[in-house]
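Engineer: Quick mapping for you: the protein sequence lines, in order, are chains A and B. Under the numbering used here, the first residue of the first sequence is numbered 12, with each subsequent residue one higher. Under the numbering used here, the first residue of the second sequence is numbered -12, with each subsequent residue one higher. The C-beta atom is built at its ideal place from N, Cα and C for all residues, glycine as well.
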Amino acid sequence: MPRNVMKRLQLTTSIGLVSLVSACSPQQQTRDEGKLSILSQQQQGFATVSPQANLSFPRDHQAHEDYKVEWWYLTANLTTDSGEPLGLQWTQFRIALGTPFPPNEADLNPSQEYNTNLASEPAANSWQTQQLYMAHAAVTQPKQHVAAEKWSRGHPQIAGVSSTPLTIQLDNWRWQSQSEALFPATLEVQDQAFAYQLQLDSQSPLQLQGDAGYSIKTANGKVASYYYSQPFIDISGTMTLNGNTQKVHGKGWLDREWSSQFLTRSQQGWDWFALRLNDGSALMLFQLRGEKVFYSGRRMYADGRGENISHGDIMMQVRQWHETDQGRYPVNWRIAIASQNIDVTIEPLNVNSAMPLSTQYWEGPIEVRGSHQGNGYMELTGYEK
Amino acid sequence: MSNFLRLSWHCARVFAAHYRHAPLQAGGILLGVVLAVTLLVGVRATNDNAIRSYSESTELLSQRATGLLLAQQGDLDETWYFKLRQSQLQTPLAVVTGVLENSQGQRWEMHGSDLVAAMSQRQVSDTNKNSDGKQAQAPVNFNQLPLNRLLSGEPLLLMSQSLAKRAAPNGTLQLKQHDIRVLSVNDDLGLGNNIVADISFAQTLLGKTGRLSYIALFDPHPQLETLLQQALGEGYDQHLRLIKQDQGEALTALTQSFHLNLNAMSLLAFIVGLFIAYNGVRYSLLKRQTLLVKLLQQGVTRQALMAGLLTELLALVILGSCVGFVTGLQLSQWLQPLVALTLEQLYGAQLLPGQFQWRWLFQAIVLTLVAAGLACIPLYLQLSRQPLARSATRVALQSSAERQNRRLFILATVLLGCAAILLPFSNHYKQSLLLMGLVIVAIPMLLPLALQYSCQLLAKWSQTIRLSIEQRNLLHYSIAETRELIAPLSLAMMAMLLALCANIAMNTLVSSFDITLRQWLDNRLHADVYFRPALSDFPKLKQDFERHPQVNGIFEQWNARISFRDQPTNITTQDEYSLRNTTVLKEHLDDFWPAYLAGESILISEPLAIKQGINMGDKVAWDDVTGRWYQDLKPQMSKHIANGQNNTPRPLTVAGVFFDYGNPLGEIMIAEPLWHQLGHQAYLKSIAITTTADFTPLVEAVQAQYNLSSANVYSQGKIKDQAMKMFAKTFSITSVLNSLTLLVAAIGLFSAVVMLTQSRQAPLARLYALGVTRRQIRISVFGQMLLIIGLSAFVAIPTGYALSYLLIHKVTLQAFGWSIPMVWSWMECMKLMLIALATGTIAVSLPLYWQTRRPLVASLQQEAM
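(1) Are there 16 or more other CB atoms within 10 angstroms of the CB of Thr683 (chain B), so buried, or fewer, so exposed?
(2) Counting C-beta neighbours from all protein chains within 10 Å, is the total for Arg381 (chain B) 16 or more, i.e. buried, or is it exposed?
(3) Under the assumption that Gln10 (chain A) contacts Asp324 (chain A) (Cβ atoms under 8 angstroms), give the Cβ distance between them as a whole number of angstroms.
(4) Going by beta carbon distance, what residues of the same chain come within less than 7 angstroms of Ala349 (chain A), once the five residues before and after it are set aside?
(5) For the segment 131 to 149 of chain B, enumerate the residues whose C-beta is nearer than 7 angstroms to any C-beta of chain A, in chain order.
(6) Quick one: what does DSSP say Thr41 (chain A) is sitting in, helix, strand or coil?
(7) How many Å lie between Arg380 (chain A) and Thr356 (chain A) at the Cα?
(8) Comparing alpha-carbon positions, which option in B:Tyr464, B:Arg567, B:Ile502 lies nearest Pro770 (chain B)?
(9) Work out the CA separation of Phe343 (chain B) and Val24 (chain B) for me, nearest whole Å.
(10) Taking the C-alpha atoms as reference points, what is the distance between Arg309 (chain A) and Ser236 (chain A)?
(11) CB-CB under 8 angstroms to Ser107 (chain B), same chain, minus the five flanking residues each way: which ones, in chain order?
(12) Comparing the C-beta of Arg164 (chain A) with each C-beta of chain B, is any distance below 7 angstroms?
(13) Quick one: grab the DSSP three-state call for Glu221 (chain B).
(14) Please list the residues of the segment 189 to 208 of chain A that have a C-beta atom closer than 9 angstroms to any C-beta atom in chain B, keeping them in chain order.
(15) Residues in its own chain within less than 7 angstroms of His75 (chain A) by CB, not counting five upstream and five downstream?
(16) Closer than 7 angstroms by beta-carbon distance: list the chain A residues that pair up with Ile186 (chain B), in chain order.
(17) Output needed for Ile597 (chain B): all residues of its chain with C-beta closer than 6 angstroms, excluding positions within five of it in sequence on either side, in chain order.
(18) Starting from Gly263 (chain A), trace the beta strand (DSSP E) both ways and give me its first and last residue.
(19) Counting pairs of beta carbons, one from the segment 8 to 18 of chain B and one from the segment 166 to 186 of chain B, are three or more of them closer than 8 angstroms?
(20) Are the segment 770 to 780 of chain B and the segment 816 to 824 of chain B touching, with three or more C-beta to C-beta distances below 8 angstroms?
(21) Starting from the Cα of Leu476 (chain B), find the closest Cα among B:Phe188, B:Leu87, B:Met742 and give me that residue.
(22) On a CA-only basis, which of B:Asn173, B:Val103, B:Thr84 is nearest Leu181 (chain A)? Give me that one, please.
(23) With a threshold of 7 angstroms between beta carbons, is Gln210 (chain B) in contact with chain A?
(24) Can you tell me whether Ile558 (chain B) is helix, strand or coil according to DSSP?
(25) Using 7 angstroms as the threshold, is the C-beta distance between Ile182 (chain B) and Asp101 (chain B) below it?
(26) Within the 7 angstroms Cβ cut-off, does Asn352 (chain A) reach chain B?
(27) Hey, how far is the Cα of Lys396 (chain A) from the Cα of Tyr372 (chain A)?
(28) Once the 5 residues before and after Leu724 (chain B) are set aside, which same chain residues still bring their CB inside 6 angstroms of it?
(29) Based on Cα-Cα distance, which residue from B:Ser413, B:Gln217, B:Leu422 lies nearest to Ala406 (chain B)?
(30) With 16 other CB atoms within 10 Å as the buried threshold, where does Asn231 (chain A) fall?
(31) Return the CA-CA distance between Leu584 (chain B) and Tyr144 (chain A), expressed in angstroms with no decimal places.
(32) Along chain A, which residues have their Cβ under 9 angstroms away from the Cβ of Thr84 (chain B)?
(33) Is any beta-carbon of chain B found at less than 7 angstroms from that of Gln141 (chain A)?
(34) Is there contact between the segment 170 to 185 of chain A and the segment 215 to 223 of chain A, where contact requires at least three CB pairs shorter than 8 angstroms?
(35) Taking CB distances under 7 angstroms as the criterion, tell me whether Thr191 (chain B) reaches chain A.
(36) Ignoring anything shorter than 4 residues or poking outside the segment 784 to 831 of chain B, list the alpha helix (DSSP H) runs there in chain order.
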């Protein structure tokens, strides 16, 4: 799914390539060199995705530290008690700086000449880690869009993912399930500008994207990820913004994705859509922009059924651009899928939904009109100045 | 108007041509300007950079903290940090610090922090700044550091490039007997002189697994303390304390006197440099006197001549200032490590890498131009107004010089009189420094007339001695000529005198302080060994010492930091024995011990007394309710009464003032019972013992049993050694500047003497032609120069003494609060005299040597040229 791809590209500019270039002195590298190297380089030592996905739950809700990048990604289209629409986003990313410490190996120190007891035992010091976590959260209303970011090293007390019960945490931003399963769960996010506490539940089976969870990102299938979703989540809770706390309720969508392999240099950016249609179905769509545009999608139903949409069936057309401080974004779209009898227009709830964080992109709630009605989320990347 | 411009332009061109023929003259002026501006800019850059560092200082690789959370005692458990991370506070930063020694015994302070938390803080802040269009610091990009290696606990240290070049030229640093790889990072990241590591490695290396030194807080919330109480519950009040951070104001205030001293020294050097420049201008005008008259005779107006001279001055000042700016920046590069060390040792301030500012150049140009203008314009006016018919005779100049010398002497006497009258009334070091500036300006003004009278006396004396006619005539001639030389040499001599005085004063201060500090330390340190154990170990360690057969004395000292009149102040208590035997009192009330030991009075340190203007017998107050100290009792009491509170602040009498050197903070000493009543959040400063036998085995046993690093055990000798080292460092920067000033003066003297001897080739050749031997000429010339220099140096002794007195008993006392008995060193004086005489000798030898290599006729012709 392009969300994965997009994020990876974004990460390359901020942190993802740290491990790749660590052999160089800090002065030797530039941002551009780093970007290119990450795109063209194989991820030495990390696990790679293969078509035999064989995803298994609840195991795969946990972190996969042998893969380079991973995330837990929730978007929600909610309504306040006063009837005002709003969107919420919460994402926790995991980035591996190196391959995990080998178990039962005394010397994990890469500088071999230093074989003293100072760094001799694996995780002798709880701060030692190869995992970096980043989390983004945002609240979008028609007239306001606020976003926040957190970073942390992987540390059992601060940031990470644990299993019984399933907890995905970075500081005081926390997804807390009641069991090892994803749902029912609570999600708490608190920042200086906003906060939300949500109860999440879903009765629908998980949706495996692509080929049983193996999702390709290029036409030749060389780049892929493991990807599953839960598009049918019931949400209720409270949201505080500008000092006002309001009750909110609505629908949410969770994406889980992990991979190690990155993209080709020709790809410039991605447009990703998560649509909830009024016939009860959900539609995931993305396009990867480059020399050749690559489309992918899946129509999903609450009972677990789903249907992949092939590259040739998808038509996406920009209807309107919007200039922000960050870049010029295509915020208005026409999407047509003949095989699914879908022909809709996409309009944002708030055109100013750019995320002014260390990783920049546009992400916000949208409304669907045309052959189908509905709402959802849109993510646009690669348009930044 | 256009005629005026044309004529001025012609004049300027003529002067330029003159300098092409006599580059030495232009060189003399430029040298003065360059040296003056170099020292001015060098010190200015160093000072400005230090002050900028205080206001921009941040947690390393991160942002400025709004507060630091510390344990009441020693280190804090890292679980407090985890609790804070779960709270709604803006992401805090865990920091562990410690001092490590390398194999050469060099000490390094190491900072370990959660690098991801540190740098993400910087990113958040930069994002915010970008939105306002402002960005104070280079944002930290995670890519700049090999996070994978750092976070994995790999032994890896980060240093700024400039420090790494010095400290780890081969890429490793030895600490705790291990070679640890050093990664040098760009100086822009602001690591300064710190060694930084990720907390994962730092905790291991420092032996502090699970412990933190402090937690840096970044939350700008005004009620930070309330937030902390909410986040940490009761534990906060019981175990932790918050130190709020300011914007560098406290540090700026604390280091103010240090920077003022540097500035004063640089201004002194600037003045010395300007003397050289002025001397050069005068000399070149003297040489051009005929030329100027000729120009006037040819119809050049006086205004045009004046404009031409001013243009010349402007060009020389701008050129000299630009060169001086560049060399000044280079000088600052050399001075910065010295200043950084001093500030770090004395005040705990960290310096950021230097940045230069163009305004220093403009300020230098303006200042030099104003000073040079003030000095030269009267001279220009005098020369451009000379009658056309008048030939430029020396006699006229001589008589005008004598008049001027008298005027200078009178002005100097007036200035000295003013200073003498005002000095007893100055209460602040800035006022004293200003008055000292008057004295410094006045001293050289006394010199020309003093030299003149000395020569007259010498001439009279020479009449009385018996010599052959030939010798007597030569002696009379030499003395008469010496009087004539005073005028052209007087400026260089004035600069030399100034530098000598300043050096004598500074050396006296340093050596006096050295002796005072040693005596004070001898009195203060009575125990053999001092330990700084963890607070939890203290009771057991004390018990162990009590039982130990070799230990015959145990002494404790407790410390706490309080705010007294908004200044951070130490409050301390000691056992009675230590107190009675080691406190060196400057003054005290009669029979104050009973009241003091009963907790009714206090002792304060001399710096506190002087800086806060507290006198013996004054009352200060401790408020049980607010837990604060107050200096003024009455307003506090009335406030309490107004608030309807029954318990009034506890009044305490200042029973005495004790000497305290080298501590930048004020100190209050109270008796043990009062200490317990006040309930300050104290930490154990030290527990000390005296032993009956060699204490080495005992110390080793204690170190092993209590896991005490050598940094926490001090023998008496080690403390003295460290204190003296710190003292030496404190004054290293001033002595460097002093030597530079002396050097500038020596260069000035050298150039003046060279130019003068150069211009005297014709009269000397005439003497030779009249039959005076070369040997006699040489003796005569050396004699003249050494006489003038010797006389000037002689004047430097009483004036240097006077300056020393002012520096010690006024400026240092008021700026640092240290009273120091003045110790006069004749040896130092003699050394400086010798330097001055040696400079003069070398300066005379060179032109004399040149002269002997020239044909006699060429020297004789010089007159005509």
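Structural biologist: On the basis of the supplied data:
(1) Exposed: under 16 other Cβ atoms inside 10 Å.
(2) The pLDDT assigned to Arg381 (chain B) is 47, lower than 50, so where the model puts this residue is not dependable, and the model offers no usable value.
(3) As shown, chain A starts at 12 and ends at 396. That puts residue 10 (chain A) outside it, with no answer to give.
(4) Asp324
(5) Cβ proximity to chain A below 7 angstroms picks out Gln131, Leu132, Pro133, Leu134, Asn135, Arg136, Leu138, Ser139, Gly140, Glu141, Pro142 from the segment 131 to 149 of chain B.
(6) Because the pLDDT at Thr41 (chain A) is just 31, under 50, the model does not fix this residue reliably, and the point stays unresolved.
(7) 5 angstroms
(8) Pro is not the amino acid found at residue 770 (chain B); the sequence shown has Gly there. If we check each option's Cα against that of Gly770 (chain B), B:Tyr464 comes out closest.
(9) Computed Cα separation, rounded: 15 angstroms.
(10) Rounded to the nearest angstrom, the gap between the Cα atoms of Arg309 (chain A) and Ser236 (chain A) is 15 angstroms.
(11) Thr78
(12) yes
(13) helix
(14) The residues in question are Gln201, Asp202, Gln203, Ala206.
(15) Glu81, Trp269
(16) Trp138
(17) Gly804
(18) 255 to 270
(19) No, the segment 8 to 18 of chain B is not in contact with the segment 166 to 186 of chain B.
(20) yes
(21) B:Met742
(22) With distances taken between CA atoms, Leu181 (chain A) lies nearest to B:Val103 out of B:Asn173, B:Val103, B:Thr84.
(23) no
(24) strand
(25) no
(26) no
(27) 11 angstroms
(28) Met252
(29) Considering only alpha carbons, the answer is B:Leu422.
(30) exposed
(31) 58 angstroms
(32) Under the 9 angstroms cutoff, chain A gives no residues; its nearest Cβ is about 15 angstroms from Thr84 (chain B).
(33) Chain B, which has a Cβ nearer than 7 angstroms to the Cβ of Gln141 (chain A), makes this yes.
(34) With a cut-off of 8 angstroms, the segment 215 to 223 of chain A and the segment 170 to 185 of chain A do not count as touching, because too few Cβ pairs lie within range.
(35) By this cut-off, Thr191 (chain B) is an interface position.
(36) List check, alpha helix (DSSP H) in window: 800 to 803.
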